[in-house]
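Using UniProt numbering, you'd call the opening residue of the sequence shown number 1 and step up by one each time.
All C-beta atoms in this analysis are idealised placements derived from N, C-alpha and C, irrespective of residue type, glycine included.
On a predicted model such as this, the values are computed, not experimentally measured, just so you know.
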Amino acid sequence: MEETQRTCSCKREILQCLAIIFACKMVSGQIHYSIPEEMHKGSFVGNIAKDLEMDGRKISDSGLRIIPNVGMIQYFAFNVNNGHLETSERIDREEICGQVEKCILKFQILIESKLKLYAIEVEITDINDNAPHFPLWEQELEISEASTPGFRVPLTEAQDPDLGINSIQSYQLRGSSHFSLDTQIGKNGFRHTELILEKFLDREEQSVYNLLLTASDGGDPIQSGTAEIKVIVLDANDNAPVFSQHIYEVNVKENIPKGSIIATVHATDLDEGLNGEVKYSLKKTTKLEVPIFHLNSTTGEIILTGYLDYEELSFYEFEVQAKDGGGFTDRSKVVIFITDLNDNAPELAVTFVTNSILESSPPGTVIAILNVRDRDSGVNGEITVSIPDNLPFQLKKSSDWFYSLMTDNPLDREQVSAFNITVTVTDHGMPPLSTATVIGLYIIDTNDNPPFFEKSVYPFYVVENNQMGALICSLKANDPDWKGNAVIRYSMIGDQTTESFLSSYVSINSETGAIYALTSFDYENFKKIQFQVKAQDGGSPPLSSNSGQTAWLSYQLTRATEPGLFTVGPHNGEIRTTRLFLEKDALKQILVVLVKDNGQPPLSASVTLTVVLADNIPEILSDLSSISAPVGPQSDLTFYLVIAVAFVSCLFFIFLLVLLTIRVYRWRNSQMESGRINFSGVPASQFVGINGVRAFLHSYCHEVSLTADSKRNQFNISTANNSDTLSIKQVYEAKDPIVSGEDLNLNNDDLTVIQVALRVGE
Numbered sequence: 001m002e003e004t005q006r007t008c009s010c011k012r013e014i015l016q017c018l019a020i021i022f023a024c025k026m027v028s029g030q031i032h033y034s035i036p037e038e039m040h041k042g043s044f045v046g047n048i049a050k051d052l053e054m055d056g057r058k059i060s061d062s063g064l065r066i067i068p069n070v071g072m073i074q075y076f077a078f079n080v081n082n083g084h085l086e087t088s089e090r091i092d093r094e095e096i097c098g099q100v101e102k103c104i105l106k107f108q109i110l111i112e113s114k115l116k117l118y119a120i121e122v123e124i125t126d127i128n129d130n131a132p133h134f135p136l137w138e139q140e141l142e143i144s145e146a147s148t149p150g151f152r153v154p155l156t157e158a159q160d161p162d163l164g165i166n167s168i169q170s171y172q173l174r175g176s177s178h179f180s181l182d183t184q185i186g187k188n189g190f191r192h193t194e195l196i197l198e199k200f201l202d203r204e205e206q207s208v209y210n211l212l213l214t215a216s217d218g219g220d221p222i223q224s225g226t227a228e229i230k231v232i233v234l235d236a237n238d239n240a241p242v243f244s245q246h247i248y249e250v251n252v253k254e255n256i257p258k259g260s261i262i263a264t265v266h267a268t269d270l271d272e273g274l275n276g277e278v279k280y281s282l283k284k285t286t287k288l289e290v291p292i293f294h295l296n297s298t299t300g301e302i303i304l305t306g307y308l309d310y311e312e313l314s315f316y317e318f319e320v321q322a323k324d325g326g327g328f329t330d331r332s333k334v335v336i337f338i339t340d341l342n343d344n345a346p347e348l349a350v351t352f353v354t355n356s357i358l359e360s361s362p363p364g365t366v367i368a369i370l371n372v373r374d375r376d377s378g379v380n381g382e383i384t385v386s387i388p389d390n391l392p393f394q395l396k397k398s399s400d401w402f403y404s405l406m407t408d409n410p411l412d413r414e415q416v417s418a419f420n421i422t423v424t425v426t427d428h429g430m431p432p433l434s435t436a437t438v439i440g441l442y443i444i445d446t447n448d449n450p451p452f453f454e455k456s457v458y459p460f461y462v463v464e465n466n467q468m469g470a471l472i473c474s475l476k477a478n479d480p481d482w483k484g485n486a487v488i489r490y491s492m493i494g495d496q497t498t499e500s501f502l503s504s505y506v507s508i509n510s511e512t513g514a515i516y517a518l519t520s521f522d523y524e525n526f527k528k529i530q531f532q533v534k535a536q537d538g539g540s541p542p543l544s545s546n547s548g549q550t551a552w553l554s555y556q557l558t559r560a561t562e563p564g565l566f567t568v569g570p571h572n573g574e575i576r577t578t579r580l581f582l583e584k585d586a587l588k589q590i591l592v593v594l595v596k597d598n599g600q601p602p603l604s605a606s607v608t609l610t611v612v613l614a615d616n617i618p619e620i621l622s623d624l625s626s627i628s629a630p631v632g633p634q635s636d637l638t639f640y641l642v643i644a645v646a647f648v649s650c651l652f653f654i655f656l657l658v659l660l661t662i663r664v665y666r667w668r669n670s671q672m673e674s675g676r677i678n679f680s681g682v683p684a685s686q687f688v689g690i691n692g693v694r695a696f697l698h699s700y701c702h703e704v705s706l707t708a709d710s711k712r713n714q715f716n717i718s719t720a721n722n723s724d725t726l727s728i729k730q731v732y733e734a735k736d737p738i739v740s741g742e743d744l745n746l747n748n749d750d751l752t753v754i755q756v757a758l759r760v761g762e
């Protein structure tokens, strides 16, 4: 049972390796699709089967599957029923790509039956699914009545995660003509909006202004968001704090340690005493649920309380507020840009791998498909994939972030039976970071080595009068193959005469190669026995000690009583049934098997096998010869046709014979009537006339012997027991012969033997 399981397991491995032998063609182009975001689950993306030129039958048998990039969520699925690529999850462009101009999801499609990789790109286009909104519904500003027109106060901007035309395009301020808006785009591409004082303020006239700020995008339809701005006019005798900069921009490295001071903001207040003391506070943090910054209320130092990661967020933007003891405030904006460092090692994932391969696999056979990536940017994100140089393998880039590990040279299990292939991915950062994985590969043996003897001639000596069954010698052949391919069987070879002679004197153990004496040798009868021994392995096809490719045999079933009932293994010659026996099947089946070698030209031989179907084998063996081969319907029809043709031919022949007889009979009668034969000088009493023809009444016996090598005709007349019989002498002395050679129509060069008996009576 265990041996059977091992055999089945080995067969599965071989089948798997045979499927992998076909080297995969690398991707020469990419298939590109474009879909809008927020599509429902199961929505159509593209007809991937049509684009890959696959029909419906090939889809189910191809083993097509999607291979996502490392760390990517699987947003797509393949519908095997119609060959369509569909969405498997809701896709939110802003969540996946943020503010990246082009949001492209890349993945690979693997066709396992061909080991082909296809690069797929799906571009997610933005839709206007987000309206602008302000983090704070109400904003409160304080402006001194002594401020002159042109005074600027930064505003908290609206947010819209959409991109391009669907993002915020304009602001509108309503509520007072004393104020206006100014929107500018900085060198970093960010939009800054400020409130500008257009007219002088008079606290006694109006101390509070309620403004309505509206942000609108450019989508279709246009969406907007509003916020209320409350402007408080302060007494001119008091001074509000003023920041040294309207916007603080800072660049820091992503590996800056926790607790570091990132920046320092500063505001001044012209008042003295308590009214001149300024306190700082953090008003808003964008794109961050858990604040990782702390603002020292006294010194204005911004301290890092968490860890920065460029790959998660490349910048931070928030507002700081300065407030003096009199309640006057000022605001400024802080933007912190993160500088990318080589802090992420490359990632490596094995998306397809086979752990075993046939040693006969050609160069270019795919072993594994690797998916690599580096989350860093720029040079830090560039990678190199490598394997050791002393291995018979190579790496080939199939598409972005995908590599194929394949054989580069022929494999030989007898030299190396297994490999541990170390694949290393290294980035180009300083210092470089790397990731490695080990792929184990076992080489499956193929029967590529015939058994061999260490010597071509083995002399052995034996003393005469030895005992029957005595061991003469033992031969040993070697086969570097593995398991069944290395099991050796021994046999003696020669022509039919030699084998018959040898079988009377010596025998060989097919498993051990031991040679035994079958009789007691006599030196006086023969002094030496010379014969050949063949060692053959158990591979498929089997190889022997004197075999090469010419000796590889292939079997073929050329004729069978019941076509389709039996099949023969093309390499091992095993005859198997293809279905269950039926009652209509004949009890006796005749099979003709043809075997051919691989020589040039190929030689062949055939054998006829008789297969008898029986419940009791011993009983049926005795009647084997009496069981006739079945005659199929076609054979019966042929038989009946032959009989019918023969019957008609016989009738026609009989008709012609009767017609010819009648014609000859009439012709003879006419000849006899026209001219009769008269015998003169002969007593009339010695003849009797029958239809004008006279015959002897006395009995004579004539023997005519005509031989193939005779140069003359011999005509002997034997003497009969009658007194009136002519003597032999009288016959020979007759001048005119009774029957001439011309009348017999004999040819001396083509003789045969005939016997003619003539009886002559009185």
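Identify every residue that forms a DSSP beta bridge with residue i.
i, result
"Arg174", "Leu212"
"Gly259", "Gly259 pairs with nothing; no bridge assigned."
"Asp235", "The partner list for Asp235 (beta bridge, DSSP) is empty, contrary to what the question assumes."
"Met406", "Val366 and Gln394"
"Lys333", "Ile247 and Glu319"
Reducing DSSP to helix, strand and coil, say where residue i ends up.
i, result
"Lys397", "strand"
"Val457", "coil"
"Arg489", "strand"
"Gln415", "coil"
"Thr354", "coil"
"Asn447", "coil"
"Lys230", "strand"
"Ile643", "helix"
"Gly381", "helix"
"Lys483", "helix"
"Asn722", "Here the model assigns Asn722 a pLDDT of 43, short of 50, so the residue's position is not dependable and the matter cannot be decided."
"Arg666", "helix"
"Phe200", "coil"
"Thr156", "coil"
"Phe501", "helix"
Where does the unbroken alpha helix (DSSP H) through residue i begin, and where does it stop?
i, result
"Ile48", "Ile48 to Asp51"
Going by C-alpha distance, which of the options is nearest residue i?
i, options, result
"Val595", "Thr608, Glu95, Leu313 and Glu140", "Thr608"
"Pro542", "Leu201, Leu341 and Gly484", "Gly484"
"Glu583", "Phe352, Glu562, Val265 and Asp162", "Glu562"
"Lys396", "Thr339, Asn390 and Leu405", "Leu405"
"Met54", "Pro392, Phe352 and Lys116", "Lys116"
"Val533", "Phe521, Leu502 and Ser260", "Leu502"
"Ala119", "Ile104, Glu198 and Pro132", "Ile104"
"Ser147", "Glu157, Ala240 and Phe419", "Ala240"
Check for me: the beta strand (DSSP E) holding residue i runs from which residue to which?
i, result
"Glu95", "First-last for Glu95: Arg93 to Cys97, but that is the alpha helix (DSSP H), not the beta strand (DSSP E)."
"Ser474", "Leu471 to Ser474"
"Ala514", "Ala514 to Ala517"
"His192", "Arg191 to Leu197"
"Lys528", "Unbroken run through Lys528: none, as it is neither H nor E."
"Asn371", "Val366 to Arg373"
"Asp182", "Phe179 to Ile185"
"His428", "Careful: His428 lies outside any beta strand (DSSP E) and carries neither H nor E."
"Met468", "Met468 -> no beta strand (DSSP E), and no H or E assigned at all."
"Val252", "Ile247 to Lys253"
"Pro542", "Premise fails: Pro542 is in no beta strand (DSSP E) and is neither H nor E."
"Lys596", "Lys588 to Lys596"
"Arg65", "Leu64 to Pro68"
"Tyr523", "Looking at the DSSP string, Tyr523 is not in any beta strand (DSSP E), and its letter there is neither H nor E."
Within 10 Å of its beta-carbon, does residue i have 16 or more other beta-carbons around it, so buried, or fewer, so exposed?
i, result
"Thr661", "exposed"
"Gln108", "buried"
"Asn525", "exposed"
"Asn691", "In this prediction, Asn691 scores a pLDDT of 39, lower than 50, which makes its location untrustworthy; no coordinate-derived value is stated."
"Val416", "exposed"
"Glu319", "buried"
"Arg413", "buried"
Can we count residue i as close to the ligand NAP, meaning its CB is less than 6 Å from some heavy atom?
i, result
"Ile67", "In the structure shown, the ligand NAP is absent, as is every other ligand, since no ligand is present at all."
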